[in-house]
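Read through the structure below, which is laid out as structure tokens, and then see the notes.
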Amino acid sequence: MGDNSTLLPPLFQDSGNNNNISGPPPDDGNSLHGIVLLSLLFSTIFFIGIAGNVLVIAVIVRDSKMRQSVTNLMIINLAIADLVVMLLAVPEMVMFMMGGPWLLGPVACRANRFIMTSGLYSSVLSLLALCVER
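Numbering (full-length UniProt numbering), first residue to last: 1 to 134.
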């Protein structure tokens, strides 16, 4: 047919010489600085997310007037769904980014994935219901 290298951008053309790799080796993401930074970031997200959602639930549940509003009940549903995502997704994400294996077996992995996905869908559908209700 013909030479296809003229059709490809220069980035994707094979130079034929793979031995002239220059520069430092690629970082695998497991440097101490990266691990500390990601741990601080995810810890902050985790604790603020848990505290914020628990406070929202506590405020609405304690006030009887607030419990009567359909909007507030949807907000409680959203907060519970976000709590599920925070409790299941953030620790798993930290473990994944640090390159650690799943430690709890295949059944727990599937259960975790199912519950976390259900929480994500519940969160999105709660936001959708809030938008439609307003």
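Virtual Cβ for every residue (Gly too), placed ideally from N, Cα, C.
When secondary structure is reduced to three states using DSSP, residue 103 falls in the coil class, being assigned neither helix nor strand. Between the alpha carbons of residue 57 and residue 49 lies a distance of about 12 Å. Per DSSP, reduced to three states, the secondary structure at residue 134 is coil, with no helix or strand assignment.
In the same chain as residue 108, and ignoring 5 residues on each side of it, no C-beta atom comes closer than 7 Å to its own. Cβ neighbours of residue 129 within its own chain (closer than 6 Å, five residues either side excluded): 74.
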